[in-house]
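Everything on this sheet refers to the single structure shown next.
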Amino acid sequence: MAAPADAPACPTCLGAGYAVEQVLGQPARARRCTCQSACPRCRESGYVLVQQGSESVAQVCACRHLDERLRVFNRIGIPAAVAHASFETFKSYSPDQERAKALSQDFARKFRGDAPTKGFLLFGKPGAGKTHLLVAALRYLALEKGVGSRYVEFMLLLSDMKAGFSAGQSHMDILKPLLQVPVLAIDELGKERGTDWERSMLDELISRRFNGGLATLFATNYFLEPRAVAEEPGARVATRGKDFQRDAEAMSLAQRVGDRIYSRLNEMCTFVKLDPGLDLRKDTHGAGGFWGR
Ligand SMILES: [Zn+2]
Ligand SMILES: [Zn+2]
15 MAAPADAPAC PTCLGAGYAV EQVLGQPARA RRCTCQSACP RCRESGYVLV
65 QQGSESVAQV CACRHLDERL RVFNRIGIPA AVAHASFETF KSYSPDQERA
115 KALSQDFARK FRGDAPTKGF LLFGKPGAGK THLLVAALRY LALEKGVGSR
165 YVEFMLLLSD MKAGFSAGQS HMDILKPLLQ VPVLAIDELG KERGTDWERS
215 MLDELISRRF NGGLATLFAT NYFLEPRAVA EEPGARVATR GKDFQRDAEA
265 MSLAQRVGDR IYSRLNEMCT FVKLDPGLDL RKDTHGAGGF WGR
């Protein structure tokens, strides 16, 4: 929420009107900045009178939009480690990163709740900023447009589905919350191969979202083609031991999620490679790791 043009920006929130709290083990939470605690426009009534022709009409004050947007943001489930991830804090070091940022920003800016929007899938090695860009898109949607979303990690999604099933929930009960949210972001796609049941649940989730015109975003460490590591001379695909992890990483996304889900992803997403060029994990793209910004 920008301050009136003649007022200097608040030093705490730089005029944003809110601050995001980062608490270990907790999803990121945004709260009103103290500069917004007493709204000078509506004097806390929540509405303002605007002149329309000869009439005076009551309108919701912008400060109430802020409260609603903060509530939307607080429901996303952003992990604490990336609490400050935004497009502003994302640093590009490679053309891939520049492109991926532009695409995710474009998605967030053009998103409309009333028309089907194609999602995107970011793929590349760990440390390139995939999670950062997913979260930045969700943050923008919430705080700039009031659009609701959920962030889920693939492994947690699978374990939640299993837990729901064990607790006697029907598969629609399990999927329902994820079918209602306008934008869903699934991170670490393919990290676990999943059982047939888990795959069919995932397939149903994303197909239903696709058919309902709802956008789904993904990030994965798996590439579209099997990586060269498995094709080195004499290399065999190991099924256990030290080499297993390496070979698992070399698999393609289609091998990890299955052909059926893979072709669905192709229909519903723009695929974008995100490679760092160098290892940037330490920097976390300016989101500051845990303790700084
Ligand atoms: Zn402030
Ligand atoms: Zn107000």
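Numbers in the working numbering are just positions in the sequence shown, counted from 1, shifted up by 14. Cβ coordinates follow ideal geometry from the N, Cα and C atoms, glycine included.
Can you look up residue i in the DSSP assignment and give me helix, strand or coil?
| i | result |
| --- | --- |
| Pro-247 | With a pLDDT of 47 at Pro-247, under the threshold of 50, the predicted position of this residue should be treated as unreliable, and no value is reported. |
| Tyr-107 | coil |
| Ile-92 | coil |
| Arg-78 | helix |
| Lys-132 | coil |
| Phe-237 | strand |
| Arg-123 | helix |
| Val-34 | strand |
| Arg-222 | helix |
| Arg-85 | helix |
| Val-271 | helix |
| Cys-49 | helix |
| Leu-279 | helix |
| Val-286 | strand |
| Phe-232 | strand |
| Arg-153 | helix |
| Phe-179 | helix |
| Ala-44 | strand |
Apart from the five residues on each side of it in sequence, which residues of its chain come closer than 6 Å, Cβ to Cβ, to residue i?
| i | result |
| --- | --- |
| Val-86 | Ala-156, Gly-160 and Gly-162 |
| Phe-285 | Leu-135 |
| Cys-283 | Gly-133, Phe-134 and Leu-135 |
| Lys-139 | none |
| Gly-272 | Arg-213 |
| Leu-288 | Asp-110, Ala-114, Leu-136, Gly-138, Ala-142 and Lys-144 |
| Phe-232 | Leu-135, Ile-200 and Leu-203 |
Sort the options by Cα distance to residue i and report the nearest one.
| i | options | result |
| --- | --- | --- |
| Pro-196 | Tyr-107, Cys-283, Ala-268 and Gly-226 | Gly-226 |
| Phe-101 | Leu-152, Lys-124, Arg-57 and Cys-77 | Leu-152 |
| Ala-114 | Gln-40, Tyr-276, Leu-147 and Val-96 | Leu-147 |
| Cys-49 | Gly-143, Thr-26 and Val-37 | Thr-26 |
| Asn-91 | Gly-182, Arg-46, Glu-35 and Leu-238 | The identity of residue 91 in the sequence shown is Gly, whereas the question assumes Asn. When each option's Cα is compared against that of Gly-91, the closest is Glu-35. |
| Thr-234 | Asp-210, Ser-221, Arg-213 and Ala-199 | Ala-199 |
| Lys-176 | Arg-164, Asp-210 and Lys-144 | Asp-210 |
| Pro-93 | Ala-42, Glu-263, Leu-267 and Phe-125 | Ala-42 |
| Thr-312 | Thr-145, Arg-222, Gly-31 and Val-166 | Residue 312 is absent from the model: the chain starts at 15 and stops at 307. |
| Pro-290 | Ser-106, Cys-24, Leu-171 and Cys-47 | Ser-106 |
| Ala-264 | Glu-239, Arg-274 and Ala-97 | Glu-239 |
| Arg-164 | Glu-158, Val-149, Asp-174 and Leu-172 | Val-149 |
| Ala-129 | Ser-266, Ala-229 and Glu-158 | Ala-229 |
| Met-215 | Leu-231, Ile-188, Phe-224 and Gly-127 | Ile-188 |
| Cys-77 | Arg-45, Arg-126 and Gly-67 | Arg-45 |
| Leu-193 | Arg-223, Gly-178 and Ser-173 | Arg-223 |
| Ile-220 | Glu-281, Asn-88 and Gly-39 | Glu-281 |
Could you tell me which residues DSSP pairs with residue i in its beta bridges?
| i | result |
| --- | --- |
| Arg-213 | Answer is none; Arg-213 lacks a bridge partner. |
| Asp-201 | Glu-167 |
| Cys-27 | Partner(s): none; Cys-27 has no beta bridge. |
| Ser-70 | Gln-65 |
| Ser-266 | Phe-237 |
| Phe-101 | Paired residues: none, contrary to the question. |
Once the 5 residues before and after residue i are set aside, which same chain residues still bring their CB inside 7 Å of it?
| i | result |
| --- | --- |
| Arg-270 | Gly-204, Arg-207 and Tyr-236 |
| Ala-122 | Ala-151, Tyr-154 and Leu-155 |
| Glu-246 | With a pLDDT of 45 at Glu-246, under the threshold of 50, the modelled position of this residue cannot be trusted; read the value that follows with caution. None. |
| Leu-117 | Phe-134, Thr-284 and Val-286 |
For residue i, which residues of its own chain have a beta-carbon under 8 Å away from its beta-carbon, when the five flanking residues on both sides are left out?
| i | result |
| --- | --- |
| Gly-306 | With a pLDDT of only 34 at Gly-306, under 50, the local geometry of the prediction cannot be trusted, and the value read off the model is given with reservation. Nothing meets the Cβ criterion. |
| Ser-277 | none |
| Cys-75 | Cys-53, Arg-55, Cys-56, Ser-59, Gly-60, Tyr-61 and Val-62 |
| Phe-168 | Ile-200, Asp-201, Glu-202, Leu-203, Gly-204, Lys-205 and Glu-206 |
| Asp-81 | Arg-46 |
Tell me whether residue i, by its Cβ, gets closer than 6 Å to a heavy atom of ligand 4.
| i | result |
| --- | --- |
| Arg-55 | Ligand 4 is absent from the structure shown, which contains only ligand 1 and ligand 2. |
Discussion item. Just to be sure I understand the criterion: a residue counts if its Cβ is closer than 5 Å to at least one heavy atom of ligand 1. Which residues meet that?
Written reply: Cys-24, Thr-26, Cys-27, Cys-47 and Cys-49
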